[in-house]
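Q:
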Amino acid sequence: MQLVVENLSVSYDKIRALHGISFSVEEGEIVTIIGANGAGKSTTLRAISRMVPADPGSKIEFMGQNVLKYNTDRVVSKFGISHVPEGRMIFGNLTVTENLTLAAFARKDSAAVAADMKWVFDLFTRLEERKNQLAGTLSGGEQQMLAVGRAYVSGRKIMILDEPSMGLAPLLMLDMFDALKEINRQGTTILLVEQNARLALKFAQRGYVLEHGKLILEGEADSLLDNPEVKKAYLGA
C-alpha cells in the first residue's frame, strides 16, 4: 500500500471531527471519499498533509514511513504528497509562472521541473496563454487549473484534492476531471474528497463514505454507485 491511514482521530478543542477512521490507497489508484458537508472529508486530507494535528493513537504511513513525524513542508518535499486545497489558495499577487515556480522550491532537479511545467502548460493550454498574468485575475476555472498544476510541479507521488469541482461550470468540471485522469495515467496516485458523489464515483476506482467523522461504507466505485443507501443519501435517488 502506498498510503495507509489507521485509527485516525482529529479533534478541534473538545470536539472530535474524526473518530478513528482507517483506509488505504494503493499506488496508481484513484480513490474518493464522499460524504455530506461537515462529515470530516477536508479534515481527513488536512491531517494527511499535517495541516491539522492528529490525536494520539493515530497512524498515517506513506510507503511504510511514518508521516506523523514530519511537518507539512516535509510531507511535500520528502514524500511527494501534494495537496490541492478547497478554495485553491493560490498566490493572487504572483503570476501563473511564479506560482508554479514557487511550488517547486524544494526540488533540485531543474530539468525535470522545467519538463513538468511544460507538461502542465500542455495539459492546461489556457494557463500557458496566461502564464504572465497575475493569478488573482484568473477565472475560477483557471485558478483551479493552476492549483492542480502547482500540485503537479511540486514533485507529486500522490495528489490529494479537496472539492476540485467546487464553483466550476459543468463543462469545466468535466474538463478538470479529464485532466486529473491524464495526471493519473502519468503515474500519480489520486485521493480526492468531493461533494458531487456521482461524479466522484464515476471517476474513481474505489470509494469510502464518511458520515459524522466515521467511515460507514467502502468498496469498488461501481458497487457504491449501485448501493441503495448511497443512492438515497448522496445521489438523489
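Just so you know, we're using our numbering here: the sequence shown kicks off at 11 and counts up by one.
Idealized CB from N, CA, C, for every residue including glycine.
Start and end of the alpha helix (DSSP H) containing S59?
A: That residue, S59, is in no alpha helix (DSSP H); it is neither H nor E in DSSP.
Q: Three-state secondary structure (DSSP) at S21?
A: Of the three classes helix, strand and coil, the one that applies to S21 here is strand, per DSSP.
Q: If we count the other Cβ atoms within 10 Å of its Cβ and call it buried at 16 or more, is M169 buried or exposed?
A: M169 should be labelled buried.
Q: Between L18 and A64, is the Cβ-Cβ spacing less than 7 Å?
A: Result yes, Cβ atoms of L18 and A64 sit closer than 7 Å.
Q: Going by alpha carbons, who is nearest to R208 out of S68, L234, R140?
A: The residue with the shortest Cα to Cα distance from R208 is L234.
Q: Apart from the five residues just before and just after G30, which ones in its own chain have a Cβ nearer than 6 Å to its Cβ?
A: Answer for G30: N17, S19, listed in chain order.
Q: So for D172, helix, strand or coil by DSSP?
A: Reduced to three states, the DSSP call for D172 is strand.
Q: Cβ atoms of V35 and L55: under 7 Å apart, would you say?
A: No, the pair does not count as a contact, with Cβ atoms beyond the cut-off.
Q: Going straight from the alpha carbon of G97 to that of L156, what length do you get?
A: So the two alpha carbons sit approximately 12 Å from each other.
Q: Within 10 angstroms of the Cβ of K120, are there 16 or more other Cβ atoms? Answer buried if so, exposed if not.
A: What sits at residue 120 in the sequence shown is Ser, not Lys. Exposed, because fewer than 16 other Cβ atoms sit within 10 Å of the Cβ of S120.
Q: Are M99 and T82 close, meaning C-beta to C-beta below 7 Å?
A: Not a contact, by the Cβ cut-off of 7 Å.
Q: Between the beta-carbon of Y244 and the beta-carbon of F33, is there less than 7 Å?
A: Their beta carbons are not under 7 Å apart, which means Y244 does not touch F33 by this criterion.
Q: Apart from the five residues on each side of it in sequence, which residues of its chain come closer than 6 Å, Cβ to Cβ, to A161?
A: Cβ within range, chain order: S92, V94, M169.
Q: Quick one: any contact between the stretch 124–143 and the stretch 169–179, if contact means 3 or more CB pairs under 8 Å?
A: The stretch 124–143 is not in contact with the stretch 169–179.
Q: Which residue from F101, Q154, A113, N206 puts its Cα closest to that of V86?
A: Answer by Cα proximity: A113.
Q: Taking the CB atoms as reference points, tell me whether L28 and T53 lie closer together than 7 Å.
A: Contact: yes.
Q: For K51, count neighbouring C-beta atoms within 10 Å of its own C-beta (all shown protein chains included) and say buried if the count is 16 or more, exposed if not.
A: Label assigned to K51: buried.
Q: By the three-class DSSP mapping on this structure, what secondary structure does R216 have?
A: Looking at R216 - three-state DSSP - the assignment turns out to be strand.
Q: Taking K88 as the reference, which of N206, D23, K118 has the closest Cα?
A: Among N206, D23, K118, the Cα nearest to that of K88 is on K118.
Q: Pick out the complete alpha helix (DSSP H) segments inside the stretch 41–128, 4 residues or longer, and give them in chain order.
A: Segments of the alpha helix (DSSP H) lying fully in the stretch 41–128: 51–58, 82–89, 106–113.
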